[in-house]
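In UniProt numbering, the protein residues as written are 1 to 957.
Below: one structure, written as structure tokens.
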Amino acid sequence: MPYDHKKIEKKWQKEWEKSKIYETNDQPKADWPRARNFYVLVEFPYPSGNLHTGHWYAFSVPDIFARKKRMEGKNVLFPIGFDAFGLPAENAAIKRGLNPKKWTYGNIDYMRKQIKSMGASFDWSREVITSDPEYYKWTQWIFLQFFKKGLAYQAETSVNWCPKDKTVLANEQIVGGCCERCGAEVEQKQMKQWMLKITNYADRLLFGLDKLNWKEEIKEAQRNWIGKSEGAEIEFRIKNLEFKIKVFTTRPDTLFGATYMVLAPEHPLISNLKPLISNLKEVERYIDVAKKKTQLQRQKAEKEKTGVELKGIKAVNPANKEEIPIWVADYVFMGYGTGAIMAVPAHDQRDFEFAKKFGLQTRTVVEPVTGELRENEEFRKSIVAVVEDSKTGKFLSINWGPKLGGNLFVGGGIDGAENYEAAACREIQEETGYKNLKLVSVSEKIHHHYVAFSKNVNRNINATGLHFQLLNNEKTPPRLENTEKEKFSLEWLSKTEVLDKVKDQLHSLVFRRLILGEAYAGSGIMVNSGKFDGMDSEKAKKTITEFVGGEIKTQYRLRDWVVSRQRYWGAPIPIIYCLKDGALAAPEKDLPVLLPEIKDYKPRSDGKSPLAKAEKWLKVKCPKCGSVAERETDTLDTFVDSSWYFLRYCDPKNEKEFAQKRKMENWMPVDLYSGGAEHTTMHLLYSRFWYEAMFDSGLIPKELGDEPYKDRRNRGIILGPDGQKMSKSKGNVIDPDEYVAKFGADTVRMYLAFIGPYNEAGSYPWNPQGILGIRRFLDRVWKFASPRGKTLGVFRDSTPSVEERGDFARALNKTIKKVGEDIEEFHFNTAVSALMVLLNEMEKVGASSENFSVFLKLLAPFAPHLAEELWSRLGNKASIHFEPWPKYDPKLVEENTFELIIQINGKVRDKFEVPVNISQSEAERLTLAREKVKLALENRKPRKIIFVPRRLVNIVV
RNA sequence: GCCCGAGUGGCGGAAUUGGUUUACGCGCACGACUCAAAAUCGUGUGACCGCAAGGUCGUGUGGGUUCGACUCCCACCUCGGGCACCA
């Protein structure tokens, strides 16, 4: 008989709410050490109006962990709230004529009920809603602390503007050049914006990661986002002028190869130079077009380089005093480095392409080094010749066979006074027979270390790569005039075949340089660099920087965080503008600066917030001089709201401060933070910054440290049954409510726990059949507990034998160990499997009510309602969810026999049961006595016998 | 292009200080119960060869180390994620 999940789940949810068992008390520190408190945090939801499968996955599975911690005796804080400000509320308001506040709070009421139907052990008494004035008062207050410290500032910058949502976006909110929310193409716009100096914290956010015990992939993604790169800042003089152009480069060693410079179209210097630019009109036209391009257009242009030279002026390369041209091009960005670069076409791919297109000079200053340096090397000059048949587009290669390096191009030494072209022609003719050739291009010298196997010597060669084209009159198949012809065969390879088959470092480098047109961006030996010639290029970085008076410098990809939003539904930025006194903090006693009620929420295309229309609200007295002033009309990015909510949970009702220090000390830092991978470089990075900035402002108790989350785990995502992301348009959306109605919350939770490993970035398709397996399991638990459908407590008709009891005790103890450890690791799937194994066992041999109680306790975090029901039916008065987590007997998790595996030459031939402490000699004796072994050995004598205690015997013959 | 992560039955997945590949669940097949079906219970289930005993192959591909490799090393392929004209 299946159990009645509707009745049971409703009953216990009511009961738990009534008895408030999940409300967490703050304990006085003296008799309640921090170690006994445990803070489990899940990312709070946005009140979109309906709970989807993702929410179930995000909340009900970590609930298993929270419940287990509670049973372990921890005082667990497991709070929930709503991240309630944000665009969708406003868009709904505009579309359906609803008040954003009403819409939001209506959704919250509905979703609160839905979340409660999970049977999760959230402490609802600490609920936090970021759009409550009691909450955003403190968001504003903390913002003002940052403002006073200069961390929040206003600046006119180029910002990402979403033309559809009519608001600015942070870099993190752009996906592929489009608005993350609505998908519209993002434009660049100059606007005055409030920003937070997250860049001041770039290094700290980076190094802070080292001490965190998070998964490496999460840390790596943040490191990538911060994007630290080390290099130098070097100044270039402009000829005959006082102006200087500062550039940032990671390759100061290539300074002698800088043959031109590029300024970003937005570079301020251009306007200063206007009078001297002879082609000003052309330049201005280019800048105009470039500025109008959206980020997407800049990317869509297939990276085709564009640019205009600033005619009439020249820069001076500080290394060799050479005069070089200055260009404007949109492949250089104002937002990174200094907005200007020195271009080294020989050693940077982008500069190389630009130089090729506009016919600019290229100069090699670093010669590549390949292979490994060996002792007693013999020096030689040589060539590598790539012969192309321009009709077929194929390249001539020689296949020497796998031993001698596979496919290579023609290569060989330069004899005596020969030049490289002559040497190459001679080698080509000798090895292939071709002689009508046209030289197309030549590479720089490449230093290559290798072993010449045929002559058994180590070599250091200095190789020149040459690209020849076969002249069309040479059609005859080549005839080899070489006695060595037996050794190799000629093959014509296409480009892709070359890349696939020519593995030699030197030869493939020549091909990439000459045929694919790749610039050499690696390190090597300095040339054409005056007194630095011959130096190792890595070493030259510092030396050359010093030589020209440059400065070693670090750059970050991370940009300051733009927090202004030109929209209604957010926390007003608590700033007042006075004509005389400028931007001032709203007085603390006036906080919160309440969001005014207005009628028209529509955003405006002039970049002003709808708040600008709330005239009464807008006008205030200047807090300094008392004259008429105006409020800031932008609101704060919702990522600001969510940057500190975990602190408010510690003390959610406090009216005097954002949270009492003592209460923060109770809970912070968060012991475990579970959330979605999509927040790794947004919320997770922002809130770390916010917390560090609060820490520096003395708002966080010192002893807590400056990192808010001790452990962070990202969960995977649940896909539709078809293995695709769930979406309405695909019609593959799983409605959790439907499954809860059909199978119950316990089944849905447990199925989600079972579907795959939780703390991995994987994605798991929802299998409508699969969930049935979990329901079957729970039905079997139910049936096991009530064998005759009525009374509980009798689990078996006949008494089990002593051996059976021993076996079961072992199985039970092993399960206790496994389930406990798996929950700790978030391996809920294998924990569920262990519970299934134990039930299978119990169904075979039965279980005393005592042992069954242990099973129930292990099940309780996964299926809280069912476990509670059966627990109470066993006659228990108190909730199972505060029962102590079962302990296992270490002696009983070990077996006293094991199956000894017998291998012959590593292949399994036999197996049999032996005692765990069996000696090697005894194991060998038993093994050799086995019929199967004798048969398999066929009278061969064992050469060696390997014995692995507790595992196997391997006979080597 | 660069940086992470992963590739195991029909499917989700299990197993790594190198030691029985495929636990658990789904699906499928057969059987029991039933007038029948569903539900439930039982048995089987990597591929190939074989009546069987048994054998051969098998953890993305190709090499290597080892008595022994899903696990370690080298080269590559595919998928997922992050970054990307970042100087």
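No residue lacks a Cβ here, since even glycine has one placed at the ideal position from N, Cα and C.
Keep in mind that this is a model prediction, so the values were computed, not measured.
Express the C-alpha separation of ALA152 and LYS197 in angstroms, rounding to a whole number. 6 Å
Are the CB atoms of THR370 and HIS448 within a distance shorter than 8 Å? yes
Inter-residue Cα distance where the pair is SER853 and LEU778: 15 Å
Anticipated Cβ contact below 8 Å, VAL365 with SER529, distance rounded: 5 Å
Give the range of the alpha helix (DSSP H) segment to which PRO133 is assigned. 133 to 148
Classify GLN769: buried if its beta carbon has 16 or more other beta carbons within 10 angstroms, exposed otherwise. exposed
Considering just the uninterrupted stretch of the alpha helix (DSSP H) at LEU509, what are its terminal residues? 505 to 514
My understanding is that ASN279 touches LYS311, with C-beta atoms under 8 Å, so please give their C-beta distance in whole angstroms. 5 Å
Compute the Euclidean distance between the alpha carbons of SER627 and ALA120, then round it to the nearest angstrom. 54 Å
DSSP-derived helix/strand/coil call for GLU938: coil
Integer-rounded CB distance, given that ILE902 should sit under 8 Å from THR927: 5 Å
Proximity to SER763 [Cα-Cα], best of THR53, VAL410 and ILE525: THR53
Which listed residue (ALA809, VAL781 and PHE912) has its alpha carbon closest to that of GLU868: VAL781
Taking ARG567 and GLU90 to be in contact with their CB atoms under 8 Å, please state how far apart those CB atoms are, rounded to whole angstroms. 6 Å
Determine, using beta-carbon pairs with one atom in the stretch 108 to 120 and one in the stretch 633 to 641, whether at least three such pairs fall under 8 Å. no
Starting from the C-beta of LYS305, find all residues in its chain whose C-beta is less than 7 Å away, skip the five residues before and the five after it, and write them out in chain order. ALA329, TYR331, GLU353, PHE354 and LYS357
Assuming GLN222 is part of the alpha helix (DSSP H), what are its boundary residues? 216 to 226
Which two residues bound the contiguous alpha helix (DSSP H) that contains LEU373? Note, LEU373: premise wrong, no alpha helix (DSSP H); not H, not E.
Here's the rule I'm using: 16 or more other beta-carbon atoms within 10 Å means buried, otherwise exposed. How should ARG96 be labelled? exposed
Could you have a look at LYS728 and say whether DSSP puts it in helix, strand or coil? helix
Round the Cβ separation of VAL76 and PRO652 to the nearest angstrom and send it over; I've been treating them as touching at under 8 Å. Their Cβ separation, rounded to whole angstroms, is 16 Å, which puts VAL76 and PRO652 out of contact at 8 Å.
Given a cut-off of 8 Å, decide if ALA761 and ASN714 are closer than it, judged by their beta-carbon atoms. yes
Which of the three DSSP states is assigned to GLU899 in this structure? strand
Element boundaries [beta strand (DSSP E), containing ILE324]: 323 to 328
Expressed to the nearest angstrom, what Euclidean distance is found between the alpha-carbon atoms of PRO603 and GLU185? 17 Å
Give a yes or no on contact between the stretch 586 to 596 and the stretch 131 to 145, applying the rule of three or more CB pairs nearer than 8 Å. yes
Please go through the stretch 186 to 218 and give each complete alpha helix (DSSP H) segment of 4 or more residues, from N-terminal end onward. 202 to 211
DSSP state of TYR764 mapped onto helix, strand, coil: strand
For a test of the three-state rule: what should DSSP assign to ILE576, helix, strand or coil? strand
If I measure Cβ to Cβ from ILE755 and keep anything under 6 Å in the same chain, skipping five residues before and after, which residues do I get? TYR764
Candidates TYR520, PHE689 and LYS215, of which the one nearest THR199 by Cα: PHE689
Three or more C-beta pairs under 8 Å: does that hold for the stretch 543 to 559 against the stretch 220 to 233? yes
I need the straight-line Cα distance from ASP797 to PHE59, nearest angstrom please. The predicted position of ASP797 is uncertain, since its pLDDT is 46 and thus under 50; a value taken from the coordinates is nonetheless stated next. Straight-line Cα distance between these residues: approximately 41 Å.
Coarse secondary structure for GLU353, derived from DSSP in three states: helix
Where DSSP assigns a beta bridge to MET261, which residues make up the other side? ILE326 and MET342
Straight-line CA distance for GLU430 to ASN456? 22 Å
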